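Taking it in order: structure first as structure tokens, then the write-up.
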Amino acid sequence: MKKVSMFSALLVSASMAVMPLKSHSADSKWTTSGTRDYVSQPSVTSVTPSTEWQDYDREELYPNTVMTREYVTMPDGTTLAAYVTLPADESGNAIEEAFPTILIISDYNTELGNVLPPKLGTFMGAADPYMVKRGYASVTFDGRGTGNSEGTWDAWGSSQQDYEPIIDWVTAQSWNDGNIGVRGVSDLSINALFAAETGHPAIKAVFALEPIGDAYRDTAVTGGNPNTFFLTWWFTLTTMMNTLNLDIFTNPEDALPLVADHVTDALTEFQLPMTLKAIKGSDEVVYDGEFWETRSPIKRINEIKAPTFLVGAVDDLFQRGVPAMYERLKGRVETKMVILPGTHIEGAFMTTGLIELEGMPAFNQIELQWFDKYLKGMDNGAEDMPQTTQYFKGMDRMAVTTDWPAPEASAQKLYLHRDGKLKENKQPWLSWPRTLVDTGLPNACTPSASQWSLGILGFIPIPCFENNNNAGFFNLLYETSAFDSDYAINGPIQANIWLSQSNFAGSLSVRVDDLDPEGNATPISNGLINLKMRAVDQLRSRELDGERIQAWHPYTKASEKAVIPGDIMNVQLEIFPSSVVLKKGHKLRVAVGPSNLPQGISGGIDGLLQALPGTMTVFNDKNHPSNIIIPTVPLDSMTVVPNSPRPDNSLIDIIGSAL
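In full-length UniProt numbering, the protein residues as written are 1 to 659.
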């Protein structure tokens, strides 16, 4: 990574201005993944010449910041709290000028973020003094039903009516120059995308860190199984944060009734009722429909008209959604993507600076360059940033890649053989199937427990939260021979499994691992589907080299297919995208089983049936050629970012960094 001065950066960008900065090619071997509204199309590749990150910074323009709290009434009469932070002089007086404005909408409680150290507070919605002192106004709204705002929180449902009035209010203020950039981490980034999807002309840039794309498919109802484990963690943590009102110590007369309203709503209106619906298997939760569409930014992602910078993480809750949204945006607006190492919370802390990722610029510097370009109009080369940068497991490094999906990728089909081998050659005409006894109580100590607890359980130093070494007790295992050279994978994976089972309900789980010579299985990715949801929409499924590599399932009641004991069924399973380099001497391993507990647990009668002991039989003969499709990429398709390993921070380290 080069470090350049502001003057040098301007010279570089000026010298490149006469060159085509980006090319778009439709000759990719990929097709796109469809959405609810769009069928699959030939993929377009976006290419930026730069393969190297550069530091970017400039001096502070103002010595201080000053914050005020205001209240803004929405058209339906609901009052929202807004925290306005402006550049200030040495005496703390606000600079009376108009500035481009960073808009944040937080469901995590801005006031709590304001009293925390900046590296933690910005995660909650507090203004970043680094940005404000460099000439930006910052305004954070407590989302409807959170913090000091009135109303009921229902996870981006009723708040949809607030985005445009909020933007209109900001543009009417004397401190706003008419230009707005939306930004945020996690929930805040989801609100940022929804705000940008209003198409409001004042929105000139988007900086979204770890947002959801498709609320149903990415996270909440994995493969048609309600992700109750995740929902419980998320609702609990979010409710704890957005109901903790510090005003109860200074203004209890106003604060206590507001807290009481928020807690009551959590118990009676949304969080607890939604959790119970997931446990009971309510149609509203189990099936894709209006409820989930409303809460999925990818539904209206084409409405975004502003340059967009997206950040995800390789083991994030939203590892599927960030690349999917990038794919929908690229070619329409200037779009960049970075995929970080680690889980949701690790990635979030890397973006705020609580965890330092070596080899890459700090994310507030990347944000500064992005907003300086698109809000201030500075010719600083932001458009020349690398197109896509991803963390590659196995190699343990960040790497700049041509695009996503990788245009250099090729589809490799590996067949599951009875002897537990993964081979390129097909199975023989006659081959006995393999049967697994499903106890109904599989192991819950897996890397999925870390991923779907937002990464929190990953800070507990227990090996089963980090590896899949014990998967053999609960799955049928298949592995390749040891690779005689490094083997790289980048993109979504698909398993095509022929199976039968003894119950009227069930799920299929497939885990893909990197198996080292000592037998340690490091997770690459996994997929899960409720067997009754196995119907595939061919028009929306992705292909590579003519092979289906990302099946698109409707997940509707009308598309359900019966599960009949003993009947052989073909299940096409989407395995979420990942990036990995398996080293020479390592093997690729696939674990096939009935559960990826604690991820995705069916509710109601379906869940009770799945909990019954039984058997799952996997077929692997010429008429039932179970296989897995891998997107392999050449090693020279990536440019490694030097000295960029996954940070190894303990919780104590992170707390120390915050303080």
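No residue lacks a Cβ here, since even glycine has one placed at the ideal position from N, Cα and C.
In this text, all values refer to a predicted model and were calculated from it rather than measured experimentally.
Closest in alpha carbon position to residue 312, among 388, 75, 259, is 388.
Counting only residues of its own chain and dropping the five nearest sequence neighbours on each side, residue 216 has a CB closer than 6 Å to the CB of 288, 292. One thing to note: residue 423 has its Cβ within 9 Å of the Cβ of residue 414. Exposure of residue 358 is indicated by the presence of fewer than 16 other C-beta atoms within 10 angstroms of its C-beta. Taking the Cα positions, residue 448 is about 27 Å away from residue 557. For residue 398, the enclosing beta strand (DSSP E) covers residues 397–401. Annotation: the stretch 488–529 contains the following complete segments of the beta strand (DSSP E) (minimum length 3 residues), in chain order: 507–515. Going by DSSP, residue 191 is part of the alpha helix (DSSP H) stretching over 187–196. Nearest to residue 496 by alpha-carbon distance, out of 571, 550, 142, 397, is 571. For residue 114, the enclosing alpha helix (DSSP H) stretches over residues 110–115. By the Cβ neighbour-count rule, residue 438 is buried, with 16 or more other Cβ atoms within 10 Å of its own. Under the 8 Å Cβ criterion, the stretch 575–595 does not count as touching the stretch 454–462, having fewer than three qualifying pairs. Pairing residue 657 with residue 119 gives a Cβ-Cβ distance under 9 Å. When only Cα atoms are considered, residue 617 and residue 42 end up about 36 Å apart. Under the three-state reduction of DSSP, residue 624 is assigned to strand.
In the three-state reduction of the DSSP assignment, residue 242 falls in the helix class, which pools H, G and I. Excluding the 5 residues flanking it on each side, residue 535 has same chain C-beta neighbours closer than 8 Å at 553, 554, 559, 560, 561, in chain order. Here residue 211 is near residue 190, since their CB atoms are less than 9 Å apart. Within the stretch 245–309, the alpha helix (DSSP H) runs of at least 4 residues that lie entirely inside it are, in chain order, 252–268, 271–280, 283–286, 290–294. Taking C-alpha positions only, residue 631 is separated from residue 404 by approximately 12 Å.
In the displayed model, residue 93 falls within coil according to three-state DSSP, outside both helix and strand. Closest by C-alpha distance to residue 108, out of 301, 366, 155, is 155. One thing to note: residue 539 has its Cβ no nearer than 9 Å to the Cβ of residue 508.
In the DSSP assignment, residue 385 falls outside any beta strand (DSSP E) and carries neither an H nor an E.
Taking a C-beta distance under 9 Å as the contact criterion, residue 140 and residue 113 qualify as a contact pair.
The criterion of a C-beta distance shorter than 9 Å is satisfied by residue 342 and residue 455. Contact between the stretch 617–628 and the stretch 240–258 is absent, with fewer than three C-beta pairs closer than 8 Å.
Residue 434 sits in a strand when the DSSP states are folded into three classes. When the Cα atoms are used, residue 418 and residue 470 turn out to be separated by approximately 20 Å.
Within the same chain, and ignoring the five residues on either side of residue 520 in sequence, the residues whose Cβ sits closer than 8 Å to its Cβ are 467, 469. Per DSSP, the continuous beta strand (DSSP E) segment holding residue 65 begins and ends at 64–73. Its Cα nearest to that of residue 37, the residue 537 stands out among 654, 537, 547, 339. Closest option to residue 592, judged by alpha-carbon separation, among 277, 303, 475: 475. Looking at the DSSP output, residue 569 shares a beta bridge with 499.
Of the other Cβ atoms in all chains shown, fewer than 16 fall within 10 Å of the Cβ of residue 91; this residue is therefore exposed. As computed with DSSP, residue 350 is found in no beta bridge at all.
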